[in-house]
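Just so you know, my numbering puts 375 at position 375 of the sequence shown, and the rest follows in order with no gaps.
A quick write-up on the structure given underneath.
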Amino acid sequence: MIRKFKIILLIIHLVLLKQAYSQPQKLTPVIPLAPEAAEFSKYGTFPVSLVSGRPSISIPIYEVNSGDIKVPINLSYNAGGIQVNQRATWVGLGWSLNSGGTISRNIRGKPDEGNNGYFQTSFTTDEIMNMSEVEEESSLLVQQLADNVVDCHPDIFTYNLPSGTAGRFIYSKKLGKFQSIPTEAIEISRTNADNTYIIKDVDGKKYFFTEKQTVLILLPTLSRNVQSWYLTKIMSEDGRDSVCFSYKTTTQNDVSQEEVVKSSQHSYKWADHNGQWQDQGIAINESTSTISYLVPDEIQFRGGKIKFYSATNRKDYAGDMLDSIVIFGRKEQDYVRREKYLLVHDYFISDASKTYKDYYRLRLNALIKENVNNNLDQQIHRFDYNPVVLPEINSYSQDFWGYYNGAAYNELMPKMLPLAPELFVYKNNNSYVGMGNRLANPDFVKAGILEKITYPTKGYTRFNFEANRYKSDVSSIAESQIAYLENYGIGKKKVNTVTKKITWPNNAYSNEIAFNIVFSAHTNPGAITVAQEVVIRDNTSGLQWLYQHEGDFTKSQTNNFNLIFQGGHEYEITSSVEDVAATFIKITAKAKTLLSNQIVNYGDGVRIAKVSNYDNNDALITEEAYSYFSNAGGADNGMITRNDQSIMNNYYTMKEIDYGGCVTPCMGCGPIRNDYIVYTASPVYATFDISGAKILYNQVTKVNSNAGGIPNGKMVSYFTTEQGYYPNSVYNPNVPGGFEYFDNSLFRATEPVYEAFYKYNLDNQNFSLVKDKKYSYTGIGNGSERLVNVFREKYYPRGGPCGLESALQKIDYNILMGTFKLSAIEETNYDGPIPTIVRTEMSYNPLNLLVSEQRKENSDGKVIKVVNKYSVDFQDTSYGSDLLRNNSMKDVLLERSEYSNTQLISRDATTYGNFNGLIKPSLVQKLSTSTQALENRMKFTNYDYYGNLLNFIHEGGMKVCYLWSYDSQFPIAEIKNADYAAVQQALGGEAVIKTFSDKANPTKAEIDLFLQPLKNNTTFNNSQISIYSHKPLVGLATQTDPKGQNAYYEYDGFQRLMKVKDQHENIIKSTSYNFKP
């Protein structure tokens, strides 16, 4: 188990475990000795994804360690902001329990495994693309592909493993297998019979995904599909050890959660090509689905189990909230509680007067670790959130990215003019597609987000978030004056006329002109013509508008009105005044124009601005401040994955040819032809993520400051985000915006290309460069899967098409495959009088994607090269590589050679053997500097069922033995200078040792009694025996050295080291964990 504090282990002896696979020259100790006191962290350390500005916030709970299998358990928080339609998990809004692994998918077309799904489609992209026009129109297959009766799109799966390996995969017909994207050295297989998946990692471990979560689509059409597969078992590479996961699949009331997602569409119709587009109005659509209930219930492993308890009903969602997490250790046929965590909840409430579930979201207020000996003794993490109240689920008060924007009485369809060229009349008449405010609001986007974590020490961390920003590609709109004139009287019976031609601006946003006409009071009601008159005339068409001072002529009068001018027409304004000089007319004409400068918008939630750590007295201890830059937006602005222009064009077109009025279609009867333009709006507009974000930054600066607010230094990181952007959409005119979006990038945009480190000089209060690093990346195995999109250009609701009339179109596209790896680091140190440069270059093995060669060159020209050879580098039986390859153990490092310039200076090699079905190290060799040949250093002769080392021989001939117990998890004895066969015989044989090895929790007395025959046997007079007892899942309990001197280790109810006692049980070290109030 990995604690949240450090346990320092004293290496007793150098023996081999699985970790030796990666570095044969560095062997890991079997025997733990003398754990030191816990280093309890007072303050959090939260790494930030600099490219997106999102901190990684997680609270570690536990780590399962069973042999080579490791499963970290933690609570993580998504710090990008809370979306309006975001449901709370059973942990709380924004929080997730990470306790295993999942496979999820985005269904494209039909489910791959379904009837006529992608797995069953036998035609290749080339075959579909090469069909002739005649064959195409008569081919049932192509029509079925266009109508989604037959699937031509692979689903895109995402996966994550407890090991940290994660990514996407598709089924590649080109390769005939599932292919990970970016490429990882994993193997993915599917069991057709039950539609389950197995992922085999690079080290040979198998991950079984057999628990399925389904989604039942009720509206608009009924269908049930598998949405996710959950990890149910991890099996070691030798099949001897496993960790199993079970899930709770029914609620107390046996109800499922129904989800309703609203969208809207605004349709325009050109009926039978009658020359006019008809506004069909806005319709609200609802998609209703039911997701099967599935939450973790238990994790079983050799040393114990983890139980997730959930019994409290939720107000906001079907099912129960996560009440507690309890870690149990094995105790013979039973379990004993080792740790317990309680989760304290209440709710984010949108409107306390409402009882419907959509007005509530589960909130995690605290995480409490209980002392297992005294439940009143607690360590508490408390969580505080932004106080802005979120609206109810499915509220329309949200921006384009789904975050709260505070807009009251809103609608989903944004306020914008229709940009489809065919709808110019509506654009010119200022007829908006919708009236919704979908712009992000920096004051409301932080609603409900986590802002403070208080630790058991009473110290705390504050997170200061700010809204993401970007420069819009849509020009800002301003009202510009395009005409102004004044006209004063020159006397009664004298008409003064002033004419002004209107200069039409080239950057006009619309054809709407706003007029302001001010008539002063006048004194000539009996004028020959009219005392005050204005005529606005269309000189092209002859149309004119007439305005006069009407009503009480002793009072001034103001007229405000809008007119729609036609593009290309010439207009003029004529004003006439027949009165004294005090009488006047003033006319102002304004038009909306597009400004050349780009406006800055907010979007896609929040980024971190500051992370501040305080002690229990509210004194600042440390602070990190972040500032952002992008090539696309400049200072403080990011690059967005889908621009505003694309969002404003979020419509699709459809051509309908209806032969419904014909007795026999295509037999001389003309159809009715209808064209449609349909604008759509949804809570979240389709786009794609990189590093979980839709706005990224090319340059991020982090400044670290101390308690006095004085900078300690800063780091500036640069990223190449553009390479990850452009291949992420597929043209499809039948979807809104004309593109389907998905993550189709390989370049690791989250990895820096340059980092600069600065120190702060108090004297001149400036930063000076200390060190920088330049990073290079190279593509490995880069290729693509060529696919085809078949869609209808025309729809025939009642028969057709006729003759060779084209109704279908095919467009091919590629899904990228391969990966990018770090290929070089050039580090320059500026601290000395002369900058020094170290350049490190890496190349990779294409079969396991691990470093095969590393070359390091210093400023003095000296080159150190390291060459690594793995099991996959050999085709024969060298080093037992065939045994490893046969077990898919691709990551095992067998030989490591180091060169100084061209001179070989060291080589370490490990040979593997078959030990009753276990593939384990049998020999460690090292290069002799005198003979330049490999010499034997350690020989491993025996392992137990689980692969624990039982015996090895030093190069000098000394034999070392190990005995195990506690379900074969922990060593209970190290016996130096003894033959294992003699040890086995003295203890009563293999069966006796196996029985004791299987004991779940032997006491020290039982261990001493079991080992007593060794002490009584003269065969072992010259042997050195060290004895150990353990507190499983906690730590070392006792240690007896070869002289018989004992040391005792005691732990508190939080499983922290409390006391160390000597052989007389005198306290030699004591640690107190008293928290300050």
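Even for Gly, the Cβ is constructed at its ideal location relative to N, Cα and C.
Pick helix, strand or coil for Ile647, following the three-state DSSP scheme. Here residue 647 corresponds to residue number 647 of the sequence shown, with the count starting at 1. Helix at Ile647.
Tell me which residues share the same chain as Ile482 and place their Cβ nearer than 8 Å to its Cβ, disregarding the 5 neighbours each side in the sequence. Start at 1 with the first residue of the sequence shown, and residue 482 comes out as number 482. Excluding residues within five positions, the ones whose Cβ falls inside 8 Å are Ile502, Thr503, Trp504, Pro505, Ile513, Ala589, Lys590, Ala591.
Quick check on the DSSP output: the alpha helix (DSSP H) that includes Thr125 runs from which residue to which? One-based indexing of the sequence shown puts residue 125 at position 125. It spans 125-129 - the alpha helix (DSSP H) in which Thr125 sits, taken as one unbroken run.
Contacts around Asp323, its chain only, beta-carbon distance under 8 Å, and the 5 residues preceding and following it disregarded: Position 323 of the sequence shown holds residue 323. The residues are Tyr309, Ser310, Ala311, Thr312, Leu342, Leu343.
On a CA-only basis, which of Ser263, Asp346, Gln227 is nearest Arg314? Give me that one, please. On the sequence shown, residue 314 is found 314 positions in, with the first residue counted as 1. Nearest option by C-alpha distance: Asp346.
Which class does Leu93 belong to by DSSP, given the choice of helix, strand or coil? If you number the sequence shown from 1, residue 93 lands on position 93. Coil at Leu93, not helix or strand.
Can you tell me whether Asn1098 is buried or exposed, with buried defined as 16 or more other CB within 10 angstroms of its CB? Shown here, the chain extends from 1 to 1077; a query on residue 1098 therefore has no answer.
Buried or exposed for Lys110, please, with buried defined as at least 16 other CB atoms from any protein chain shown within 10 angstroms of its CB. If you number the sequence shown from 1, residue 110 lands on position 110. Classification for Lys110: buried.
By Cβ distance, which residues of its chain are closer than 6 Å to Gln1024, with the 5 residues on each side in sequence left out? Locating residue 1024 in the sequence shown gives position 1024, where the first residue counts as 1. If we look at Gln1024 and ignore the five residues flanking it on each side, its Cβ neighbours are Lys976, Pro1042.
Expressed to the nearest angstrom, what Euclidean distance is found between the alpha-carbon atoms of Lys890 and Ala1047? Within the sequence shown, numbered from 1, the residue matching residue 890 stands at position 890. Within the sequence shown, numbered from 1, the residue matching residue 1047 stands at position 1047. Roughly 42 Å separates the two Cα atoms.
When you compare the CB positions of His266 and Val433, do they come within less than 8 Å of one another, or not? Mapped onto the sequence shown, residue 266 falls at position 266. Mapped onto the sequence shown, residue 433 falls at position 433. Yes. Within cutoff.
If contacts are defined as beta-carbon pairs under 8 Å, then Pro182 and Leu746 qualify, I think. What distance do you get, rounded to the angstrom? Against the sequence shown, residue 182 aligns to sequence position 182. Against the sequence shown, residue 746 aligns to sequence position 746. That pair is a contact at about 5 Å.
Does DSSP put Asn468 in a helix, a strand or coil? For this step, residue 468 is matched to residue 468 along the sequence shown. Residue state, collapsed to three classes: strand.
Which runs of the beta strand (DSSP E) spanning at least 3 residues fall entirely within the segment 456-526, listed in chain order? 460-488, 496-501, 508-519
What whole-angstrom Cβ distance do Pro1002 and Arg330 have, given they're in contact under 8 Å? Position 1002 of the sequence shown holds residue 1002. Position 330 of the sequence shown holds residue 330. Contact doesn't hold; Cβ gap of about 11 Å is too wide.
Counting only the same chain and skipping the five closest in sequence on each side, list residues whose C-beta sits under 6 Å from that of Tyr754. Within the sequence shown, numbered from 1, the residue matching residue 754 stands at position 754. So the qualifying residues of the chain are Tyr718, Lys774.
Other residues of its chain near Ala146: CB distance less than 6 Å, five sequence neighbours each side excluded: Locating residue 146 in the sequence shown gives position 146, counting from the first residue. Here the set comprises Val790, Phe791, Arg792, Leu808.
Please list the segments of the beta strand (DSSP E) lying wholly inside the segment 421-455, counting only runs of 3 or more residues, in order along the chain. Runs found: 450-454.
Assuming Ser52 contacts Gly692 under a Cβ cut-off of 8 Å, what Cβ separation, rounded to an integer in Å, is found between them? Your numbering for residue 52 matches position 52 in the sequence shown. Your numbering for residue 692 matches position 692 in the sequence shown. Taking the Cβ atoms as the reference, Ser52 lies roughly 6 Å from Gly692, within the contact range of under 8 Å.
Check whether the segment 294-308 and the segment 346-365 touch, using three or more Cβ-Cβ pairs below 8 Å as the test. no
Is the Cβ-Cβ distance between Arg361 and Asp320 less than 8 Å? Counted from its first residue, the sequence shown places residue 361 at position 361. Counted from its first residue, the sequence shown places residue 320 at position 320. No, the Cβ-Cβ distance between Arg361 and Asp320 is not below 8 Å.
By DSSP, does Ala625 sit in helix, in strand, or in coil? Taking the first residue of the sequence shown as position 1, residue 625 is located at position 625. The answer is strand: DSSP assigns Ala625 an E or B state.
Rounding to the nearest angstrom, what Cα-Cα distance links Thr102 and Phe209 in this structure? The count along the sequence shown starts at 1 and reaches residue 102 at position 102. The count along the sequence shown starts at 1 and reaches residue 209 at position 209. If I take the Cα positions, the gap works out to 7 Å.
Alpha-carbon to alpha-carbon, Arg469 and Val700: Counting from one through the sequence shown, the residue named residue 700 turns up at place 700. Counting from one through the sequence shown, the residue named residue 469 turns up at place 469. Spanning the two alpha carbons is a distance of roughly 14 Å.
To the nearest angstrom, how far is it from the Cα of Ile573 to the Cα of Gln598? Within the sequence shown, the letter at position 573 stands for residue 573. Within the sequence shown, the letter at position 598 stands for residue 598. If you take the alpha carbons of Ile573 and Gln598, they lie about 33 Å apart.
Candidates Lys500, Thr877, Ala478, Lys865, of which the one nearest Leu904 by Cα: For this step, residue 904 is matched to residue 904 along the sequence shown. Checked all of Lys500, Thr877, Ala478, Lys865; the closest Cα to Leu904 is Lys865.
Top-ranked residue by Cα proximity to Ile690, from Pro162, Val678, Val730, Gly638: Here residue 690 refers to the residue found at position 690 of the sequence shown. When only C-alpha atoms are compared, the closest one is Gly638.
On the DSSP bridge list, what partners appear for Asn374? Within the sequence shown, numbered from 1, the residue matching residue 374 stands at position 374. Beta-bridge pairing links Asn374 to Asn371.
Return helix, strand or coil for Phe400, following the three-state DSSP convention. As a working mapping, residue 400 is identified with position 400 in the sequence shown. Of the three classes helix, strand and coil, the one that applies to Phe400 here is coil, per DSSP.
Leaving out five residues before and five after Ala681 in sequence, what residues of the same chain have Cβ atoms less than 6 Å from its Cβ? Here residue 681 refers to the residue found at position 681 when the sequence shown is read from its first residue. The residues are Ser264, Leu412, Met413.
Which whole-angstrom value is the C-beta distance of Gly603 and Trp401, which I expect to be below 8 Å? On the sequence shown, residue 603 is found 603 positions in, with the first residue counted as 1. On the sequence shown, residue 401 is found 401 positions in, with the first residue counted as 1. The pair is a contact, with the Cβ atoms about 6 Å apart (cut-off 8 Å).
Determine the direct distance from the alpha carbon of Glu533 to that of Ile585, and round the result to whole angstroms. In the sequence shown, the residue the question calls residue 585 occupies position 585. In the sequence shown, the residue the question calls residue 533 occupies position 533. Each residue's alpha carbon lies about 8 Å from the other.
Answer with buried or exposed for Asn613, where buried requires no fewer than 16 other C-beta atoms within 10 angstroms of its C-beta. Within the sequence shown, residue 613 is the residue found at index 613, counting from 1. Answer is buried; the Cβ neighbour count reaches 16.
Where do the ends of the alpha helix (DSSP H) carrying Ala1000 lie? Residue mapping note: residue 1000 aligns to position 1000 of the sequence shown, counting from 1. Here Ala1000 belongs to no alpha helix (DSSP H), and DSSP marks it neither H nor E.
Measure the CB-CB distance between Ile517 and Tyr547 and report whether it falls below 8 Å. Here residue 517 corresponds to residue number 517 of the sequence shown, with the count starting at 1. Here residue 547 corresponds to residue number 547 of the sequence shown, with the count starting at 1. Going by C-beta atoms, Ile517 is nearer than 8 Å to Tyr547.
Report yes if the C-beta distance between Ile608 and Pro55 is below 8 Å; otherwise report no. What you label residue 608 is simply residue 608 of the sequence shown in a count that begins at 1. What you label residue 55 is simply residue 55 of the sequence shown in a count that begins at 1. Against a cut-off of 8 Å, the Cβ pair of Pro55 and Ile608 comes out as a contact.
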